[in-house]
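Count along the sequence shown from 1, add 2, and you get the number used in this note's numbering.
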Amino acid sequence: MPTNTEQTYELAFTSTLIFNVVFSFVVFAIFPYLRKLLLVPGVFAPQKHMYKKPTTRRNYYFWFIDVFSQPISVYSTRGNLTTIYIIFQYLILMLYGIMALISITILIPVYYYGTDTSWKTHYLTDWSRLSIGHLEKDSVMHIVPIIIICIFTYFAMFVYEQFTIIYAFFRQKCMKRVIPENYVVLLQNLPVDVDTKEKLENILLNIKNGIRYIVPIPKQSGKLTKILKQLQSLFDQLKQGQQMMEDFNANQAYRSAVVKLIPQHQKVKKALKQKKADKLKRKEYKQIQKVSNVMFKIRSCYQEILKIKAVDNIEIEHLKQILSIPPPLPEMLINAFDLLPDSTQMIPQIRYPSNKYLHNIQQNHQDYQQQNIMLEHTEQQQHHIGHAAFIICQSQAIAAEKYTTLIAQNSQKPKAMLASNSQEIIWENVATNDKKRKWSYYQYIFWLIVLFIAYVYGQAQLNKLLIDTSLKLQKQIFQTLNFSGCIQGLVQTSIQCSILESFSKFLPTFITSFIIAFLMALLPQFLKLIARLLRYPSTSQANDKLFNLNFAFLIIIQGIIQVAIPELINAQTGAIDFSFFKEFSITTLFRNLGSNIVNLQFTFITFIITNYFTSPAFSLLNIYYLLSATINKMKLTNYLEYNVKLRFITFNFPKQLAYLAHMLVLGYIFAIVSPITNIIIFVTYIMMVTIDRYMILYVRIPDVSADLSAQSNMLVNVIGAIFIGLFFMIFSTCCYFFVQESNLSYLGIAVCIISLIFAVTKKILIDKAFKRALTEMTRGNYDETVGVKLNPAHIDSEYTEDDNYLSRYDLNNSDHLNQLAIKYHLMQKQVIPVPSSAIIEENLSAQDLQLKLKKRIKQRVFDKILKKMYLDLTDLPVSIIRYDDIRDDEGERICRPLLPEHIKTVEFDTTSDEVIILEDKIFSKTQEDLFKNVFNNRSKKLGQEDLMNIAAHYTHPSLQFAIYGEQIVKQQ
């Protein structure tokens with residue numbers, strides 16, 4: 003039987019649904035006007051996505067349609083993680099669209115009409131008639147949900163397989179970009195006795211071929227990181243001081259000009275103006291003194307860094323040979339940003355006060371320079387290192403080889419992995435020794451247990467409060483707002499009384515759900531603090547772990563405990579009842595899940611509506627940042643600081659993907675038992691997708707971790723959540739049939755077991771086939787594109803900026819088809835690698851090729867739905883986020899899709915410039931021409947200077963600051 007809490011949620015379900023739908027609709031309708039009316043600029047759209055067409059009035063007011071109409075190429079300008087996330091959204095929308103359609107047309111009518119009217123007439127509302135519990139015990143209609151289980155299982159595994167294959171292709175393209183991290187291997191957990199660079203070189207002696215630089219993490223990396231943070235803070239103060247001094251100079255010049263223009267008879271007014279000018283000048287002197295003090299602190303930090311460098315004998319010769327800070331990227335990669343201004347240097351651009359006000363600094367400079375020279379020439383026989391090191395390799399293929407090589411018997415000491423983006427490195431963590439890491443792990447487990455107990459206890463207390471005060475609160479609300487003489491508890495005949503009674507039932511559940519949603523919003527913040535104890539070397543790994551933590555907490559607290567083991571939590575005290583384990587058995591688990599899956603449907607559906615349907619609307623209003631921007635506007639007088647605080651906020655992928663995975667798993671649990679859940683999940687997911695896309699394009703900047711480095715595999719975990727949801731769907735439905743104990747229930751149990759075996763076997767085969775492709779770079783030149791069965795029509799990889807990154811070819815235009823035929827026919831003659839969708843045949847006329855192209859690019863149903871994409875899912879656009887943190891004139895971090903020539907598909911391990919002679923006996927004519935074409939473009943291969951710059955990227959930033967800080971002083 004349903005509990006009192008479940009009855010409360012069922013009675014308020016209609017009101018909850020109507021209120022949330024109306025609220026979301028109103029927010030969507032008024033949002034375009036809020037963007038214009040509010041006086042605080044940049045809160046609702048501080049970023050401008052790379053949108054080549056001017057935004058029309060229709061796109062502005064119907065923004066939710068505009069974000070769906072953007073092709074994948076536009077989203078690729080927000081990072082590779084965004085690109086694959088958009089593809090994931092398309093696949094999940096398709097999956098839940100099919101499930102919602104089946105629910106509306108088959109499951110709901112069968113559940114509602116497939117039983118006698120005399121069966122279970124005690125329902126509180128008609129919503130209960132839409133669940134499987136409305137079917138009679140021995141009803142033959144149970145055949146329908148049994149068949150639907152097989153259909154849902156097939157579609158879920160189909161999407162799982164397709165996304166895994168698509169992601170594997172996309173992953174390989176990302177791993178073949180000409181970017182620094184694809185040439186770098188990180189060695190962690192170096193043995194304790196390997197404490198010098200010479201010992202590390204001896205370990206790597208047998209695999210030294212192809213290794214160009216070894217950049218160890220400094221032994222005192224923790225201290226250097228603290229100094230680095232202090233330096234960064236000082237440079238921020240220096241920038242602010244310079245901005246204020248420029249303002250002072252501008253105001254002083256203006257006031258001097260005004261004073262000169264004042265007539266002689268206004269001497270009093272002139273004196274007042276002069277007084278204000280003198281006051282402003284005194285403020286300027288104080289600011290100059292403040293800047294001078296900051297400069298002294300900066301030089302003190304430089305000296306501390308150089309002392310550490312001398313004590314540990316850190317090699318920094320490669321830093322002295324680079325031309326700028328940050329070091330330049332490979333020339334081939336810089337060409338991808340040819341439409342953008344050249345990279346600017348952060349430190350050399352700083353303009354210091356004149357020597358008139360910095361005489362003390364210049365007097366101390368000689369002593370500082372002499373000390374630096376002494377430290378530079380300190381000779382030691384060994385170079386002390388920390389517990390990690392970066393290996394710079396000649397090519398991507400060599401880096402992939404070193405990463406997969408077993409260096410020692412213990413694969414964890416050292417532990418090899420491809421490096422992340424240099425800006426993702428958490429320097430205080432990368433050098434952590436094994437002993438400190440283990441101690442931090444114990445602390446991590448302890449605080450996880452504390453957070454779990456506190457969260458479960460608080461949630462139990464809220465549920466207890468709802469049970470105790472629900473009826474009383476309903477009565478008080480009804481009596482307080484009763485202005486029409488309505489009588490509570492009777493059938494209401496007037497509209498006013500019906501609305502009042504519905505509102506009085508809705509408000510208590512809404513308050514409780516809102517508090518739970520608020521606590522759930524705080525959960526990622528607590529987990530983020532706890533996850534820091536794991537000391538991951540990069541933000542990509544930390545984000546992956548943070549997603550797993552969020553998802554695990556949500557699915558256990560808001561799922562497994564309530565449905566499978568509700569007796570674990572004492573409903574009266576909120577404490578964990580350990581006596582439950584004494585009587586626990588598998589049969590108890592089956593019976594609890596089989597009965598609660600029907601009894602708790604409205605509790606979870608209300609939770610989904612309140613947390614995931616309405617929350618996107620609240621996030622669209624951006625209330626937190628609106629208040630923050632208002633406070634900062636009043637508090638911050640420096641425009642630069644205000645601009646940074648307001649504009650440069652990244653999209654929180656770990657939190658958003660954890661919420662998404664949790665919602666999908668909950669939806670799958672009730673997919674068969676309560677099919678109304680599928681419809682609600684489908685509509686809710688459309689809301690979430692719409693808001694997420696708007697946030698990505700207009701509000702959030704692309705984070706460096708969104709570049710999808712080799713250490714990031716978050717989307718693999720997300721698609722794994724689909725399988726977890728499918729597992730719970732089959733298992734919970736099987737438990738329901740187990741409780742029924744009817745003749746058809748045994749058939750249902752058998753079908754559930756068979757479906758589960760099919761899903762598990764399919765997943766094992768898929769994971770086994772593509773496991774290495776998700777972590778290692780393929781060195782062959784073959785892509786199995788036939789595996790992607792779900793694919794929109796691929797036209798061409800050429801786009802025009804004038805038509806919003808759409809293909810310049812039209813499917814329905816015969817002239818364009820003819821151009822495509824000629825284009826591909828010419829490709830055959832030039833022997834240039836072509837997309838997999840192109841048809842190349844010997845001696846094929848343009849007319850025949852045109853006919854084949856028509857047949858090849860024929861649009862199917864799914865193609866027409868995704869006609870705006872015009873992309874091959876096996877050949878998605880790959881982008882790169884600029885490393886040096888440069889922003890364009892609009893304040894955006896630069897991210898641009900790469901051209902095919904910036905992705906190496908064929909790469910050789912040789913480091914010599916000798917010409918390799920290809921024999922016809924080994925290679926065909928086409929292969930020979932292709933290989934010669936590769937060798938004729940040796941300028942695209944990274945040279946010694948590029949590798950040295952990459953080594954500089956992976957040197958501790960504090961050493962970069964120290965070296966180039968000295969050069970800046972010499973320029974004054």
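We treat Cβ as the ideally placed atom computed from N, Cα and C, and that holds for glycine. Here the structure is a predicted model, which is why all the values come from computation and not from measurement.
Margin query: On the CB-based measure, 16 or more other CB atoms within 10 Å of its CB, does L629 come out buried or exposed?
Written below: The count along the sequence shown starts at 1 and reaches residue 629 at position 627. Sixteen is the threshold: since fewer than 16 other Cβ atoms of the shown chains lie within 10 Å of the Cβ of L629, the residue is exposed.
Worksheet item: Alpha carbon to alpha carbon, how far is I229 from N654?
Response: Locating residue 229 in the sequence shown gives position 227, counting from the first residue. Locating residue 654 in the sequence shown gives position 652, counting from the first residue. Taking the straight line from one Cα to the other gives about 28 Å.
Rounded distance between the beta-carbons of Y156 and A401, thought under 8 Å: Indexing the sequence shown from 1 puts residue 401 at position 399. Indexing the sequence shown from 1 puts residue 156 at position 154. Not quite, the Cβ-Cβ distance comes to about 40 Å (not below 8 Å), so this is no contact.
Original post:
How far does the alpha helix (DSSP H) with I682 in it reach, from first residue to last?
Top reply: For the purposes of this step, residue 682 is taken as residue 680 along the sequence shown, with counting starting at 1. From DSSP, the alpha helix (DSSP H) with I682 extends over 678-696.
### Query
Secondary structure at V186, three-state DSSP: helix, strand or coil?
One-based indexing of the sequence shown puts residue 186 at position 184. Strand at V186.
Q. Between K437, G596, N431, K309, which lies nearest to T541 when the distance is taken from Cα to Cα?
A. By one-based count along the sequence shown, residue 541 stands at place 539. With respect to the C-alpha of T541, the residue from K437, G596, N431, K309 having the closest C-alpha is N431.
Worksheet item: Are T2 and S504 close, meaning C-beta to C-beta below 8 Å?
Response: Residue numbering for the chain in the displayed model covers 3 to 974; residue 2 lies beyond these limits and cannot be assessed.
**Message:** Helix, strand or coil for P218? Go by DSSP, reduced to three states.
**Reply:** Sequence index remark: in the sequence shown, residue 218 carries index 216 (1-based). Looking at P218 - three-state DSSP - the assignment turns out to be strand.
Handout entry: CB of I990 within 8 Å of CB of A418, strictly
Key = The question about residue 990 has no answer here: the residues shown for the chain are numbered 3 through 974.
First through last residue of the beta strand (DSSP E) which encompasses S979
Given that the chain is displayed from residue 3 to residue 974, the structure contains no residue 979 and the question cannot be resolved.
Notebook entry, point to check: When DSSP labels each residue in this structure, what does H386 get in the three-state scheme?
Noted result: Counted from its first residue, the sequence shown places residue 386 at position 384. Secondary structure at H386: strand, using DSSP grouped into helix, strand and coil.
Just tell me which of K764, R534, Y614 has its CA closest to the CA of F516.
If you number the sequence shown from 1, residue 516 lands on position 514. Measuring from the Cα of F516, the nearest candidate turns out to be Y614.
### Query
Does DSSP put A462 in a helix, in a strand, or in coil?
Walking along the sequence shown from the start, residue 462 turns up at place 460. Residue state, collapsed to three classes: helix.
With a Cβ-Cβ cutoff of 8 Å, do Q713 and S413 count as a contact? Translated into positions along the sequence shown, residue 713 becomes position 711. Translated into positions along the sequence shown, residue 413 becomes position 411. No, the Cβ-Cβ distance between Q713 and S413 is not below 8 Å.
Please report the distance separating the alpha-carbon of G99 from that of I588.
As a working note, residue 99 is residue 97 in the sequence shown. As a working note, residue 588 is residue 586 in the sequence shown. When rounded, the distance between both Cα atoms is 35 Å.
- Tell me whether I205 sits in a helix, a strand or coil according to DSSP, three-state version. For the purposes of this step, residue 205 is taken as residue 203 along the sequence shown, with counting starting at 1. The answer is helix: DSSP assigns I205 an H, G or I state.
inquiry  = Which residues does DSSP list as the beta-bridge partners of L1?
reply    = Past the boundaries of the shown model lies residue 1; the chain is included only from 3 to 974, so the question cannot be answered.
Residues in its own chain within less than 7 Å of S621 by CB, not counting five upstream and five downstream?
For this step, residue 621 is matched to residue 619 along the sequence shown. Counting only Cβ-Cβ distances below 7 Å, and skipping sequence neighbours, we find I693.
message = Using the three-state DSSP reduction, which class does R179 fall into: helix, strand or coil?
response = As a first step, residue 179 must be located in the sequence shown, where it is residue number 177. The answer is strand: DSSP assigns R179 an E or B state.
Got a sec? Which residues, its chain only, sit under 7 Å from W593 by beta carbon, not counting five neighbours each side? Numbered from its first residue, the sequence shown carries residue 593 at position 591. Checking the sequence shown, residue 593 turns out to be Arg, not Trp. Shown here for R593: same chain residues with a beta carbon closer than 7 Å to its own, the five before and five after excluded, namely V741 in chain order.
ask   = How far does the beta strand (DSSP E) with I736 in it reach, from first residue to last?
value = Start at 1 with the first residue of the sequence shown, and residue 736 comes out as number 734. Ile is not the amino acid found at residue 736; the sequence shown has Cys there. Boundaries around C736 are those of the alpha helix (DSSP H), 716-742, since no beta strand (DSSP E) includes it.
Use the C-beta contact count for I71: other C-beta atoms within 10 angstroms, 16 or more gives buried, fewer gives exposed.
-> Position 69 of the sequence shown, counting from 1, holds the residue named residue 71. Looking at the sequence provided, one finds Ser at residue 71 rather than Ile. It counts as exposed.
Measuring alpha carbon to alpha carbon, tell me which residue in K657, T406, L467 is nearest L529. Counting from 1 along the sequence shown, the entry for residue 529 is found at position 527. The shortest C-alpha separation from L529 is found at K657.
When we look at the beta-carbon of Q962 and count the other beta-carbons within 10 Å, is it buried (16 or more) or exposed? Working through the sequence shown from its first residue, we reach residue 962 at position 960. Flag for Q962 reads buried.
Nearest to Y115 by CA position, among W129, L103, Y538, is which residue?
For the purposes of this step, residue 115 is identified with residue 113 of the sequence shown, where counting begins at 1. That would be W129, whose Cα lies nearest to the Cα of Y115.
* Asked: When DSSP labels each residue in this structure, what does A954 get in the three-state scheme?
  -> Working through the sequence shown from its first residue, we reach residue 954 at position 952. Correct three-state label for A954: helix.
**Asked** Whose CA, out of Q91, A533, L95, F90, lies closest to the CA of N680?
**Response** As a first step, residue 680 must be located in the sequence shown, where it is residue number 678. Per the Cα distances, L95.
Discussion item. For V600 and G135, which I take to be in contact (beta-carbon distance under 8 Å), what is that distance rounded to the nearest angstrom?
Written reply: The count along the sequence shown starts at 1 and reaches residue 600 at position 598. The count along the sequence shown starts at 1 and reaches residue 135 at position 133. 4 Å between Cβ atoms; contact.
| query | To which residues of the same chain is I759 closer than 6 Å at the C-beta, ignoring the five residues directly before and after it? | reply | Position 757 of the sequence shown, counted from the start, is the residue given in the question as residue 759. In its chain, beyond the 5 residues on either side, no residue has a beta carbon closer than 6 Å to the beta carbon of I759.
Exercise. Between D911 and S397, what straight-line distance do the alpha-carbon atoms span, to the nearest angstrom?
Worked result: Here the question's residue 911 lines up with position 909 in the sequence shown. Here the question's residue 397 lines up with position 395 in the sequence shown. For D911, the pLDDT reaches just 36, beneath the cut-off of 50, and the residue's location in the model is therefore unreliable, although a value from the coordinates is still provided. Rounded to whole angstroms, the gap between the alpha carbons of D911 and S397 is 7 Å.
Nearest-angstrom Cβ-Cβ length linking I674 and I213, presumed shorter than 8 Å
Your numbering for residue 674 matches position 672 in the sequence shown. Your numbering for residue 213 matches position 211 in the sequence shown. Not really, about 56 Å apart at Cβ, beyond 8 Å.
Next item on the list: Return the CA-CA distance between T735 and G596, expressed in angstroms with no decimal places.
Entry: Numbered from 1 along the sequence shown, position 733 holds the residue referred to as residue 735. Numbered from 1 along the sequence shown, position 594 holds the residue referred to as residue 596. About 7 Å.
Figure out for me which residue from A47, Y63, L19 has the closest Cα to the Cα of I32. For this step, residue 32 is matched to residue 30 along the sequence shown. The shortest Cα separation from I32 among A47, Y63, L19 belongs to Y63.
### Message
Measuring straight from C-alpha to C-alpha, what distance separates L509 and Y457?
### Response
Position 507 of the sequence shown, counted from the start, is the residue given in the question as residue 509. Position 455 of the sequence shown, counted from the start, is the residue given in the question as residue 457. Straight through space, the alpha carbons of Y457 and L509 are spaced by roughly 23 Å.
Task: Candidates A771, S133, I167, of which the one nearest I598 by Cα - done: Stepping through the sequence shown from its first residue, residue 598 is reached at position 596. In the sequence as presented, Ile is not what sits at residue 598; that position holds Asn. Checked all of A771, S133, I167; the closest Cα to N598 is S133.
- If we count the other Cβ atoms within 10 Å of its Cβ and call it buried at 16 or more, is I447 buried or exposed? Here residue 447 refers to the residue found at position 445 when the sequence shown is read from its first residue. The residue is exposed, with fewer than 16 neighbouring Cβ atoms inside 10 Å.
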